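*Asks:*
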Ligand code: ARG
């Protein structure tokens with residue numbers, strides 16, 4: 008019989024029971040559910056709402072349930088309606104009447120809102136730690152490659168030279184912002200403890216919400232009971248932050264896929280982080296990165312599920328909201344899986360520096376520098392741009408490069424050219440001279456790495 012069976016004269020239909028049940032996916036909130044119930048019971052006793060002995064029995068009983076679930080001595084009942092009903096029924100089976108007093112001044116509506124906040128808070132911490140490892144791995148790789156010249160691209164066309172360190176540090180900036188977004192989501196999530204909102208309209212019992220909030224690590228309580236039980240904006244915010252993480256990981260994955268190809272050959276993945284083909288013996292496939300790119304769509308789907316699920320729900324709680332858990336848990340699990348696989352893959356990849364440099368030496372990647380050279384000699388930039396464009400067209404027609412032209416040939420295009428042009432258009436100078444803040448010059452990127460590590464320490468609180 009269900010705990011709510013009082014006004015019913017029949018058992019619920021078996022199919023309806025299965026349809027209604029959420030235990031298969033909300034069972035993962037068992038520890039949070041028990042933590043919340045302990046805090047609630049202790050508060051009820053402090054406020055004189057239940058007897059101190061009953062609270063003691065409840066807290067001890069819940070502790071036993073927690074231990075037994077963790078050791079495997081107790082299994083979840085697949086027929087239970089949800090984790091809240093399961094724990095309460097188990098408690099009552101163990102301690103009798105005292106167990107029936109636990110739900111005083113509480114509803115499953117504020118209980119589930121609390122459990123979800125506590126669960127997501129813990130997951131945010133774990134995802135931040137995984138991102139911190141990724142950022143550190145990137146900073147470490149960047150440190151090794153501040154002088155590794157490679158082409159920078161726009162429109163997938165070779166554009167201007169950068170270094171691998173500069174390129175990797177771009178992702179560091181993205182992942183640091185992702186961590187900051189998670190911290191921000193967490194701060195807001197913890198500012199609003201929902202227990203005590205009851206089913207929707209609070210309670211007549213003299214409860215102490217502030218004390219419960221404090222005990223559970225919240226910084227405040229929800230200010231409106233209808234809002235406290237019926238919004239899930241924190242889950243949407245988290246799904247948004249997770250979608251952005253996946254967007255960044257997916258772009259990076261796309262680049263790694265390209266860089267592994269024979270057409271680029273900029274990197275080689277470690278054998279432990281690549282896979283073969285069942286038919287083509289020569290293949291070494293970057294499956295991890297392709298899966299990450301694919302899974303980005305799945306997390307965006309989770310965000311969309313939450314947004315669409317919430318948009319038409321009148322206040323306050325409606326059962327539609329049970330659908331929040333599978334979506335947000337899937338997003339959380341997917342991000343954890345992707346980040347924790349991506350980091351060691353990145354750490355172990357081999358950088359083929361010579362191929363990167365060779366690619367940077369082709370494609371007139373130094374054309375802007377040639378134009379800048381003339382501009383610094385006094386020619387207006389637009390004219391210098393035109394002269395360089397004519398030089399590039401000439402080189403293409405002759406099958407040569409700018410650095411291979413003789414000074415005489417340069418001077419035919421403009422008399423301002425002198426020997427200095429060869430230094431100005433050398434790849435090393437092109438990179439080293441780009442000293443504007445945020446640019447690729449090696450000493451600047453070293454500074455970027457140091458500052459990124461400081462930002463990381465501030466975000467992880469160490
Ligand atoms: N399993 C439910 C959920 O996840 C718990 C809250 C149920 N509340 C109710 N009034 N039926 O949303």
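Residue numbers (this note's numbering): 8 to 469. Yeah, the Cβ is synthetic: ideal placement off N, Cα and C, and Gly gets one too. This structure is a prediction, so every number in the text was calculated from the model and none was measured.
According to DSSP, residue 158 sits in a beta bridge with which residue or residues?
*Replies:* Numbered from its first residue, the chain shown carries residue 158 at position 151. Looking at the DSSP assignment, residue 158 forms a beta bridge with 168.
*Asks:* Determine whether the beta carbon atoms of residue 334 and residue 348 lie at a separation below 8 Å.
*Replies:* Numbered from 1 along the chain shown, position 327 holds the residue referred to as residue 334. Numbered from 1 along the chain shown, position 341 holds the residue referred to as residue 348. Taking 8 Å as the Cβ cut-off, residue 334 and residue 348 do not qualify as a contacting pair.
*Asks:* For a minimum of 3 consecutive residues, which ranges assigned as the beta strand (DSSP E) are wholly contained in the stretch 280 to 368?
*Replies:* Counting whole runs of 3 or more residues, the stretch 280 to 368 contains no beta strand (DSSP E) stretch at all.
*Asks:* Residue 275 bridges to which residues according to DSSP?
*Replies:* Within the chain shown, residue 275 is the residue found at index 268, counting from 1. Note: residue 275 sits in a beta bridge opposite 357.
*Asks:* What residue ranges within the stretch 72 to 105 form continuous alpha helix (DSSP H) runs of no fewer than 4 residues, ordered along the chain?
*Replies:* Whole alpha helix (DSSP H) segments, 4+ residues: 90 to 102.
*Asks:* Output needed for residue 121: all residues of its chain with C-beta closer than 8 Å, excluding positions within five of it in sequence on either side, in chain order.
*Replies:* Here the question's residue 121 lines up with position 114 in the chain shown. Hits under 8 Å: 39, 43, 200, 201, 202 and 223.
*Asks:* Taking the Cβ atom as the reference point for each residue, do residue 92 and residue 214 lie within a distance shorter than 8 Å?
*Replies:* For the purposes of this step, residue 92 is taken as the residue at position 85 of the chain shown. For the purposes of this step, residue 214 is taken as the residue at position 207 of the chain shown. No, the pair does not count as a contact, with Cβ atoms beyond the cut-off.
*Asks:* In terms of alpha-carbon separation, which member of 148, 189, 194 and 193 lies closest to residue 178?
*Replies:* Sequence index remark: in the chain shown, residue 178 carries index 171 (1-based). The residue with the shortest Cα to Cα distance from residue 178 is 148.
*Asks:* Using DSSP with H/G/I as helix, E/B as strand and the rest coil, what is residue 179?
*Replies:* Locating residue 179 in the chain shown gives position 172, counting from the first residue. Residue state, collapsed to three classes: helix.
*Asks:* Can you tell me whether residue 200 is helix, strand or coil according to DSSP?
*Replies:* Along the chain shown, read from residue 1 onward, the residue named residue 200 stands at position 193. Residue 200: strand per DSSP, three-state reduction.
*Asks:* Return the residue from the list 285, 73 and 153 that minimises the CA-CA distance to residue 173.
*Replies:* Indexing the chain shown from 1 puts residue 173 at position 166. Of 285, 73 and 153, the residue nearest in Cα terms is 153.
*Asks:* Go ahead and pull the three-state DSSP assignment for residue 228.
*Replies:* Taking the chain shown and counting its residues from 1, one reaches residue 228 at position 221. Here residue 228 sits in strand by DSSP.
*Asks:* Residues in the same chain with beta-carbon distance under 8 Å from residue 54, minus the five sequence neighbours each way, listed in chain order, please.
*Replies:* As a first step, residue 54 is located in the chain shown; it is residue number 47 there, counting from the start. Cβ within range, chain order: 212, 213, 214 and 215.
*Asks:* Would residue 245 pass as a contact of residue 131 if the rule is Cβ separation under 8 Å?
*Replies:* Looking up residue 245 in the chain shown gives position 238. Looking up residue 131 in the chain shown gives position 124. Cβ atoms of residue 245 and residue 131: closer than 8 Å.
*Asks:* Following a CB-centred definition, is residue 164 positioned closer than 7 Å to any heavy atom of the ligand ARG?
*Replies:* Here residue 164 is taken as the residue at index 157 of the chain shown, counted from 1. The answer is no for residue 164.
*Asks:* Starting from residue 380, trace the alpha helix (DSSP H) in both directions and tell me its first and last residue.
*Replies:* As a working mapping, residue 380 is identified with position 373 in the chain shown. Counting along the chain, the alpha helix (DSSP H) containing residue 380 begins and ends at 374 to 383.
*Asks:* For a quick check, are the C-beta atoms of residue 315 and residue 341 less than 8 Å apart?
*Replies:* Working through the chain shown from its first residue, we reach residue 315 at position 308. Working through the chain shown from its first residue, we reach residue 341 at position 334. For residue 315 and residue 341, no; Cβs fall outside 8 Å.
*Asks:* Tell me which same chain residues have a C-beta within less than 8 Å of the C-beta of residue 359, skipping the five on either side of it?
*Replies:* If you number the chain shown from 1, residue 359 lands on position 352. Contacts found: 272, 273, 274 and 275.
*Asks:* Within its chain, find whatever has a CB closer than 7 Å to the CB of residue 220; leave out the 5 residues flanking it on each side and keep chain order.
*Replies:* Looking up residue 220 in the chain shown gives position 213. Counting only Cβ-Cβ distances below 7 Å, and skipping sequence neighbours, we find 200, 227 and 228.
*Asks:* Check for me: the alpha helix (DSSP H) holding residue 37 runs from which residue to which?
*Replies:* Taking the first residue of the chain shown as position 1, residue 37 is located at position 30. First-last of the alpha helix (DSSP H) with residue 37: 37 to 53.
*Asks:* Please state whether DSSP places residue 212 in a helix, a strand or coil.
*Replies:* As a position in the chain shown, residue 212 is number 205, starting the count at 1. In this structure, residue 212 counts as coil in the three-state DSSP scheme.
*Asks:* Under a three-way DSSP split, which group does residue 163 fall into?
*Replies:* Along the chain shown, one-based indexing puts residue 163 at 156. Coil.
*Asks:* Exposed or buried, which one is residue 430 when buried takes at least 16 other CB atoms within 10 Å?
*Replies:* Taking the first residue of the chain shown as position 1, residue 430 is located at position 423. Label assigned to residue 430: exposed.
*Asks:* Once you ignore the five residues that flank residue 144 on each side, which residues in its own chain have a CB closer than 7 Å to its CB?
*Replies:* As a working note, residue 144 is residue 137 in the chain shown. So the list reads 350, 353 and 354, once near-sequence residues are dropped.
*Asks:* Grouping DSSP H, G and I as helix and E and B as strand, with all else coil, what is residue 238?
*Replies:* As a working note, residue 238 is residue 231 in the chain shown. It is coil, neither helix nor strand.
*Asks:* If you compare alpha carbons, which of 446, 9 and 69 is closest to residue 106?
*Replies:* Indexing the chain shown from 1 puts residue 106 at position 99. Checked all of 446, 9 and 69; the closest Cα to residue 106 is 69.
*Asks:* Any heavy atom of the ligand ARG inside 7 Å of the beta-carbon of residue 14?
*Replies:* The count along the chain shown starts at 1 and reaches residue 14 at position 7. Not so, every heavy atom of the ligand ARG lies at least 7 Å from the Cβ.
*Asks:* Locate the alpha helix (DSSP H) running through residue 388, then write down its first and last residues.
*Replies:* Residue mapping note: residue 388 aligns to position 381 of the chain shown, counting from 1. Where residue 388 is concerned, the enclosing alpha helix (DSSP H) stretches over 388 to 405.
*Asks:* Start and end of the alpha helix (DSSP H) containing residue 464?
*Replies:* The sequence position of residue 464 within the chain shown is 457, counting from 1. Segment 449 to 467, the alpha helix (DSSP H) holding residue 464.
*Asks:* Return the CA-CA distance between residue 64 and residue 102, expressed in angstroms with no decimal places.
*Replies:* Along the chain shown, read from residue 1 onward, the residue named residue 64 stands at position 57. Along the chain shown, read from residue 1 onward, the residue named residue 102 stands at position 95. Those two C-alpha atoms are separated by around 7 Å.
*Asks:* Grab me the residues of residue 449's own chain with a C-beta within less than 6 Å of its C-beta, minus the 5 sequence neighbours each way, in chain order.
*Replies:* In the chain shown, the residue the question calls residue 449 occupies position 442. Here the set comprises 153 and 154.
*Asks:* Pick helix, strand or coil for residue 442, following the three-state DSSP scheme.
*Replies:* The residue given as residue 442 occupies position 435 in the chain shown. Three-state DSSP puts residue 442 in coil, outside helix and strand.
*Asks:* Which residue's Cα is closest to the Cα of residue 414: 403, 426, 408 and 127?
*Replies:* Counted from its first residue, the chain shown places residue 414 at position 407. With distances taken between Cα atoms, residue 414 lies closest to 426.
*Asks:* Could you compute how far the alpha carbon of residue 81 sits from the alpha carbon of residue 114?
*Replies:* Your numbering for residue 81 matches position 74 in the chain shown. Your numbering for residue 114 matches position 107 in the chain shown. Distance between the alpha carbons of residue 81 and residue 114: 25 Å.
*Asks:* Would you mind sorting residue 376 into buried or exposed? The rule is 16 or more other CB atoms within 10 Å of its CB.
*Replies:* Position 369 of the chain shown holds residue 376. Result: buried.
*Asks:* For residue 248, decide whether its Cβ has a neighbour in chain C, counting only Cβ atoms nearer than 8 Å.
*Replies:* Note that chain C does not occur in the displayed structure, where there is just one protein chain.
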